[in-house]
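Chains as they are written, first to last, in the numbering used here: chain A, 1 to 744; chain B, 1001 to 1341.
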């Protein structure tokens, strides 16, 4: 290794480090840069060792990848203590899960466990392969490829906000261009002798790069970076819309006569500590409506990138202006929902010691709706502690609504248009119309959860039929929180005001939340993008329905005629939402080692190993230090190709004898006459050059390789396609050849 | 056409320690091929044995031809003798042949009053020793000194034989009555042992069609002078032998001593003989360096009379050719040159 190689290695490390820094906003804690930095150093040391032992870039890559798989277990476990196959299993599992955790977790991600796989692997290969290329390659730009690929990978895998446009863009580019230029000058000098104007050229290059860097830096500092491609956006988030919501099962939280199964009206659901009395504890915020029910969903907020149910580390970037509170929630066995009660905007979250060890891995959180959910369910003992900023507040009529209206939702609410037009008549501005509609709803409405037998006609559900003819558009208008909140949110949306339904509870003084404390309310998005609670008393009263109320009939909305319901038409029964069985199957599958993936990976590795080994062998033969070894390697390449094609060429023969054996086999196929002479000529040429008195020229060896390549292609010319394809994967040439059959 | 060869010379001189140049190698090949073609007029379809005999001549060795009667042993010897523009003689070995009949005798000249040496037939450039195994061991031994050292000592006086000097001996393997088998020491003096074999079908028919030619050896005209032969021999000695080839020969020798059925393996003299002939063979192919294939081709003619098999081999039907084949199989040839650190 020469002195300038030290600079090469330092620059490889520097560029890798700049690429690594791109994860600064993604990870939390020092683990990621310690692991990444050590991996980069290890990669460089391995590359130096392999190259000094005359190994090629392929060998370096192979050694790095094998080493990586061996150490990934201890890295994930965070200990050097080896536990046999379990350690290896940890590594294998981390390699299949780590990437999805990295992409599917809200930043910052705790820098420990499986997610460390990413910085370790990328730093190791970037620095290792980059160093090997810097030491072996005679092209100026080639060693830049691994660090640049790593930079691209980090940008794709990291969070939307780049850590530093100046460092990652301008800094990286400047360093890379300078290095490339220096290498180019050095390589030119080695090939063509010292350039008399080397100094001037160098100064000119540096000046040019500095000018470009300054211009780029100015542009970068004045223009905000645009939206860029992120792998996390293309990864499917947790399919929360498949879950049954507390709104669907709202009557489980209300008093019901004679139906106790699943009813938790009097049951203690969870105990909340640290929250002020009267704070609104959220179970689920529901922001989409499909005509039959309100649901939670991903990607519903066009103004945010993080409006998805993703995994949650111990902390989350979730800025809010509210006062920070540290709150503990202890669920009871009676609470069997997957929805995780939270208050305000979470800033940190951790399960307490009584919880399942892997509880955190089941947690998903959407900061846009401030809703948390388990991908299975909250279990007894899954107590948790979180800090959050208390947000929200009540909606005032003087506030202006947001313009970010969900047009799909607006169209879905079209069936309530007669009521909107009638009840909002005369309002001068949207928020006035909203409060006016709310007041009308309260005025005409009665409250019942179908508790008494005679109230059983007031069925649960919030499909279009139930909310339309069975509630807003019909008389009498009877329902409970489910119908009032659902209808009010749709009426608001139809008024052009963004709205959503939230199911939760107002925390009592005791902190013990029972079923009867659960309620549904409506949140309205105001001009500044925040969500405010529409006071429930503005649209929902507690006046019970009159006993012996007449059969439902259409309400009149002068001057509009509401559609008359067909006689005897029953409200459409809503199908209970059930989890798809495949979810459970997937959950079961993900709990163990992904053997199918492992087997598939092994199979792919096995299939690719033989062509890869042949490629490595060919590269080593081609790049042998001794020129005569290149001749010998070229001939061996030809013989190996013949063996892979099924030609029996015994070992221990001279080259002409091998040529005759190959030609004899070709002769069997009827086309060997022409080949025999060419093969013998090649064999003779190789022997003459190898055993000659003079050292052959490298250019002659290269020309010989070209001849061998031609002949190599010719060997397969008359071989069936099936045999040619098999030759690629055939291990015949990797095995020791059979001895010639000439024993006494 | 063939005589054009006589007018050509190697373009550079041949000095000891020098390596053969490509031009010299090509000149050597052309000359060798001319001589082989010339001899081919006498022996139809026997190119390989012709080239072997020429190789033996240019390696300054002696050739033993063993074959059935009528296969062309004597014809080959005469053709080789005729192609060289030098002296040659034929000695028909019989049981009553005396050593002096070969080497010559000193007689008293009464007129001069002195003893004068009358050289025998051995004092020629190419000597054909026909049916050598019919002579007594004493007479056979008379050949030892001259074949090995190139001179004859009679009555205490040493007489050098001319250069080039080559003995081509023939013997019949089937008629063993009244013959004396050549001892190993004597056999070792022969650089090569070969056989002519029956001609192939085409050559046989061509031979029969030209049966009006009573003596085909007369067709072979001298095209190379003794000086040319000497120059070619000197050039052959300059052919490069890589260390890996030398190692290969050494390994073959060592392996030959370990082989089953072999009572006596290859000696150091045998190794030297092999290296000498492969150099000439390489030059004859127009090459400046020896390759492993040369060793394999020439292993049998050089080794077959030097390997002594045990009696079990005879009972098992194992021949020397089988043993040499096994020997070449057991030692892989070099694939790259020895590193010159």
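For every residue, glycine included, the Cβ atom is placed at its ideal position computed from N, Cα and C.
Since we're looking at a predicted model, the values are computed, not measured.
Segment contact: the stretch 504–515 of chain A against the stretch 464–479 of chain A, fewer than three CB-CB distances shorter than 8 angstroms; contact not assigned.
The beta-carbon of residue 738 of chain A is placed no less than 8 angstroms from the nearest beta-carbon of chain B. No Cβ-Cβ contact shorter than 8 angstroms links residue 326 of chain A with residue 278 of chain A. Residue-level contact check: residue 690 of chain A touches chain B, since one or more beta carbons of chain B fall below 8 angstroms from its beta carbon. Per DSSP, the unbroken alpha helix (DSSP H) holding residue 1251 of chain B starts and ends at 1243–1256. Assigned with DSSP and collapsed to three states, residue 386 of chain A falls in strand.
Under the Cβ criterion of 8 angstroms, residue 91 of chain A is not counted among the residues facing chain B.
Against chain A, a Cβ distance below 7 angstroms from residue 1240 of chain B picks out 692 and 693. Spanning the alpha carbons of residue 635 of chain A and residue 686 of chain A requires a straight line of approximately 7 angstroms.
Residues of the same chain with a CB within less than 6 angstroms of the CB of residue 523 of chain A, apart from the 5 flanking positions on each side, are 500, 502, 531 and 533 in chain order. Contact between the stretch 1156–1171 of chain B and the stretch 1274–1282 of chain B is not established, with fewer than three Cβ pairs separated by less than 8 angstroms.
Taken through DSSP and simplified to helix, strand or coil, residue 1094 of chain B comes out as coil. Separation of residue 1299 of chain B and residue 720 of chain A (C-alpha to C-alpha, rounded to the nearest whole angstrom) is 40 angstroms. For residue 1138 of chain B, the secondary structure class from DSSP, reduced to helix, strand or coil, is helix.
Among the residues facing chain A, residue 1133 of chain B is not included, as its CB has no counterpart in that chain under 8 angstroms away.
Rounded to the nearest angstrom, the Cβ distance from residue 132 of chain A to residue 50 of chain A is 7 angstroms, consistent with a contact under 8 angstroms. Excluding its 5 nearest sequence neighbours in each direction, residue 1122 of chain B has C-beta neighbours in its own chain below 6 angstroms: 1102, 1103 and 1146, listed in chain order. Considered as a whole, the stretch 97–160 of chain A harbours 117–136 and 145–157 as its complete alpha helix (DSSP H) runs of no fewer than 4 residues, in chain order. Taking 8 angstroms as the upper bound for CB-CB distance, residue 732 of chain A and residue 644 of chain A are in contact here, some 5 angstroms apart. In the DSSP assignment, residue 330 of chain A forms a beta bridge with A:271.
By the C-beta density criterion, residue 353 of chain A is exposed, having fewer than 16 other C-beta atoms within 10 angstroms. Taking all protein chains shown into account, residue 1212 of chain B has fewer than 16 neighbouring C-beta atoms within 10 Å of its C-beta and is therefore exposed. For residue 1055 of chain B, no CB of chain A lies under 8 angstroms from its own CB, so it is not counted at the interface with that chain. At a C-beta separation below 7 angstroms, residue 1287 of chain B has these neighbours in chain A: 688. Less than 8 angstroms separates the beta-carbon of residue 1196 of chain B from that of residue 1049 of chain B.
With the criterion set as a beta carbon lying under 7 angstroms from some beta carbon of chain A, the members of the stretch 1296–1311 of chain B are 1296, in sequence order. Contact holds between the stretch 1126–1145 of chain B and the stretch 1074–1094 of chain B, because three or more Cβ pairs, one in each stretch, are under 8 angstroms apart.
By alpha-carbon distance to residue 250 of chain A, the top candidate from A:138, A:243, A:265 and A:236 is A:265.
Within the stretch 1244–1261 of chain B, those residues whose Cβ lies closer than 9 angstroms to any Cβ of chain A are, in chain order, 1244, 1245, 1259, 1260 and 1261.
Take residue 440 of chain A, set aside five residues on each side of it, and the residues of its chain with a beta-carbon closer than 7 angstroms to its own are 423, in chain order. With a threshold of 8 angstroms between beta carbons, residue 1329 of chain B makes contact with chain A. Residue range 417–423 is occupied by the alpha helix (DSSP H) that includes residue 418 of chain A, with no beta strand (DSSP E) assigned at that position.
DSSP, reduced to helix, strand and coil, places residue 532 of chain A within a strand of the structure shown. Under the three-state reduction of DSSP, residue 1099 of chain B is assigned to helix.
Considering only A:358, A:301 and A:146, the residue with the shortest C-alpha distance to residue 13 of chain A is A:146. Judged by pairs of C-beta atoms under 8 angstroms, the stretch 1258–1269 of chain B does not touch the stretch 1210–1224 of chain B, as fewer than three such pairs exist.
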